[in-house]
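Residues 1 to 141 (this note's numbering) are what the sequence shown spells out, left to right.
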Amino acid sequence: MIPEDTIDYNIRKTWYSISKMYNKTANEYMASMSLGMLILNIDIYDGTPSTLIGPLMGMESTSLSRSLSNLEDRGVITRERDSSDKRKSIIRLTKYGIESREIAKKAVIDFNNKVMENFEEEEINEFFKFLKKINEITKSL
């Protein structure tokens, strides 16, 4: 079997292409696609506990900590101690962070709309079923 005939190869190749596109936009504003995706998972109004962000992003705690420090250094986020549990910290977006989040959100929506306009609804539904099934399979392995 050649690589082009494998599910893995095609998913990785597609993700690489998507990642490259997002990084092009992210590089103009805040450094990387992963940082842009991270701020999309922070609640604009209430902030988000740092312990919830890792599982949402599929990130290990060391990578998350490094990314959060990077965002904090750039003035995108602040960390505040949770008033009910001092062991936890709440990640909040700064004004600059909210502006950056809007740019990241627009990039995701624009890409989503572009893809959606090139496929029939039935094809999109089948695609999501396919991805869901792959996720179920990988979790069972």
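For every residue, glycine included, the Cβ atom is placed at its ideal position computed from N, Cα and C.
Fair warning: this is a prediction, and the values are worked out from it, not measured in the lab.
is_contact[residue i, chain C] using C-beta, thresh 8 angstroms
{"i": "Asn-112", "result": "Chain labels in this structure do not include chain C; a single protein chain is all it has."}
For residue i, three-class secondary structure by DSSP
{"i": "Glu-147", "result": "Since the first and last residues shown for the chain are 1 and 141, residue 147 lies out of range."}
{"i": "Thr-25", "result": "helix"}
{"i": "Ser-89", "result": "strand"}
{"i": "Thr-51", "result": "helix"}
{"i": "Tyr-45", "result": "coil"}
{"i": "Gly-36", "result": "helix"}
{"i": "Ile-18", "result": "helix"}
{"i": "Ile-109", "result": "helix"}
{"i": "Asn-118", "result": "coil"}
{"i": "Arg-74", "result": "coil"}
{"i": "Leu-141", "result": "coil"}
{"i": "Thr-62", "result": "helix"}
{"i": "Met-1", "result": "coil"}
Nearest-angstrom beta carbon gap, residue j and residue i [assumed within contact, 8 angstroms]
{"i": "Ser-100", "j": "Ile-39", "result": "6 angstroms"}
{"i": "Gly-54", "j": "Arg-92", "result": "Wrong, their Cβ atoms sit about 17 angstroms apart, outside the cutoff."}
{"i": "Ser-50", "j": "Leu-68", "result": "7 angstroms"}
{"i": "Tyr-96", "j": "Gly-75", "result": "5 angstroms"}
Among the options, the one whose alpha carbon lies nearest that of residue i
{"i": "Glu-72", "options": "Met-33, Thr-94, Thr-6 and Asp-82", "result": "Thr-94"}
{"i": "Thr-78", "options": "Phe-128, Ile-98, Ile-18 and Asp-110", "result": "Ile-98"}
{"i": "Thr-25", "options": "Gly-36, Tyr-16 and Ile-44", "result": "Gly-36"}
{"i": "Asn-23", "options": "Met-33, Ile-90 and Leu-56", "result": "Met-33"}
{"i": "Val-115", "options": "Met-57, Lys-132, Lys-133 and Thr-14", "result": "Thr-14"}
{"i": "Asp-110", "options": "Met-21, Pro-3, Tyr-96 and Ser-89", "result": "Met-21"}
{"i": "Ala-104", "options": "Tyr-16, Asp-8, Tyr-29 and Ser-17", "result": "Tyr-29"}
{"i": "Asn-112", "options": "Thr-6, Ile-18, Asp-8 and Ile-7", "result": "Ile-18"}
Outcome for residue i when other beta-carbon atoms lying within 10 angstroms are tallied against a minimum of 16
{"i": "Leu-64", "result": "buried"}
{"i": "Met-1", "result": "exposed"}
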